[in-house]
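Each remark here refers to the structure printed beneath this line.
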Amino acid sequence: MPKSLASLCLVPLIAATMAGCAANGLQQASTLSDYQNMQPAERRLLQVREWADPQAMRSVEAIYIEQAGVVPGVVENSGVAPERFNRVVGKLTQTVCRRLARGGFEITADPALASHQVRLNITGFETTNRVSAGASRLIGFAIPGPLSPRIPIGIGALAVEGEMLDGDNRQVAALEWSSRNHLASSGGFSEIGDGYALAQVFADSFGDLIVEARNTVSETRQSTERGVCNDMFDAATEAGGPAD
Numbered sequence: 336m337p338k339s340l341a342s343l344c345l346v347p348l349i350a351a352t353m354a355g356c357a358a359n360g361l362q363q364a365s366t367l368s369d370y371q372n373m374q375p376a377e378r379r380l381l382q383v384r385e386w387a388d389p390q391a392m393r394s395v396e397a398i399y400i401e402q403a404g405v406v407p408g409v410v411e412n413s414g415v416a417p418e419r420f421n422r423v424v425g426k427l428t429q430t431v432c433r434r435l436a437r438g439g440f441e442i443t444a445d446p447a448l449a450s451h452q453v454r455l456n457i458t459g460f461e462t463t464n465r466v467s468a469g470a471s472r473l474i475g476f477a478i479p480g481p482l483s484p485r486i487p488i489g490i491g492a493l494a495v496e497g498e499m500l501d502g503d504n505r506q507v508a509a510l511e512w513s514s515r516n517h518l519a520s521s522g523g524f525s526e527i528g529d530g531y532a533l534a535q536v537f538a539d540s541f542g543d544l545i546v547e548a549r550n551t552v553s554e555t556r557q558s559t560e561r562g563v564c565n566d567m568f569d570a571a572t573e574a575g576g577p578a579d
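Heads up: the sequence shown begins at 336 in my numbering, then just goes up one per residue.
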């Protein structure tokens, strides 16, 4: 391979490596009620810290999911208008609800009817660079195929902590998670596009943790009333903001 061509190939490779590592340096905060049981693990190719008590899952009857919180400074530092950022908050809460409902848990909108509750907090966020995302879209049109290659610059990131608590506020499951979107993903043309996509990735990982723990001790499956999860998104975004 000619030296000049090799150099051109190395540039995106180095940039891709830097983009992948950058999420580890994403500014985060501690929001969980307890960290003493947390252990390193891998979820969907990401390094995380997690913990779940399978025996505690026997007592889960219905789960109430609080609207996801946001650590002070995250929205301000992102430069995203609060009403826009609320769409990420709503998406995170909604997708966690859907994942747990799909896993056979009953999600209730009434905390008085719940045996357990889920608390979520966005602890870090970086926007999608719309110019880079647009250039990536052009590359995708020029290089047809099953993947959507992206320029490894300006890809958004998200960090979330989630936990499930029993009626005595004792932690029975927790996940500490952060990620930058990958190079074969689509962040759209919005500054919150990657945040949207990553909210789903967190929801899948958090749901996997809880469902897997439940499955080791119980085969009980419950159902969730239609519309509960969508209402969570609506509640977060009622202040408005254009759709993505």
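Just so you know, even glycine gets a beta-carbon here, dropped at the ideal spot from N, CA and C.
Counted as a single uninterrupted DSSP element, the alpha helix (DSSP H) harbouring S540 occupies residues 528–550. Boundaries of the alpha helix (DSSP H) harbouring Q429: 417–437, taken from the DSSP string. In this structure, E496 sits near L367, with a CB-CB distance shorter than 8 angstroms. For T458, the enclosing beta strand (DSSP E) begins and ends at 451–461. Burial is judged here by how many other beta carbons sit within 10 angstroms of a residue's own beta carbon; S513 has at least 16 and is buried. DSSP, reduced to helix, strand and coil, places P407 outside both helices and strands of the structure shown, so it counts as coil. Judged by DSSP secondary structure, A571 falls within the alpha helix (DSSP H) whose first and last residues are 563–572. DSSP links E560 through a beta bridge to no other residue. Within the same chain, and ignoring the five residues on either side of P446 in sequence, the residues whose Cβ sits closer than 6 angstroms to its Cβ are Y399.
Contact check for V536 against I457 fails: the beta carbons are separated by 8 angstroms or more. Around the CB of S525, 16 or more other CB atoms lie within 10 Å, so the residue is classed as buried. Scanning A376, P375, D388, V383 for the CA closest to the CA of S553 turns up D388. When C-beta atoms of the region 410–419 are compared with those of the region 375–387, fewer than three pairs fall below 8 angstroms, so the two segments do not count as touching.
The continuous beta strand (DSSP E) containing Y399 extends over residues 398–400.
With fewer than 16 other Cβ atoms from the protein chains shown falling within 10 Å of its own Cβ, E377 counts as exposed.
Put simply, the backbone Cα of A534 is about 21 angstroms away from that of E441. With contacts defined as CB atoms closer than 8 angstroms, L510 and F460 fail to qualify as a contacting pair.
R549 sits close to M392, with the two beta carbons spaced by under 8 angstroms. C-alpha of V395 to C-alpha of R379: approximately 25 angstroms in a straight line. Around the beta carbon of R561, fewer than 16 other beta carbons lie within 10 angstroms, which makes this residue exposed. M392 carries a helical assignment under DSSP once its states are collapsed to helix, strand and coil.
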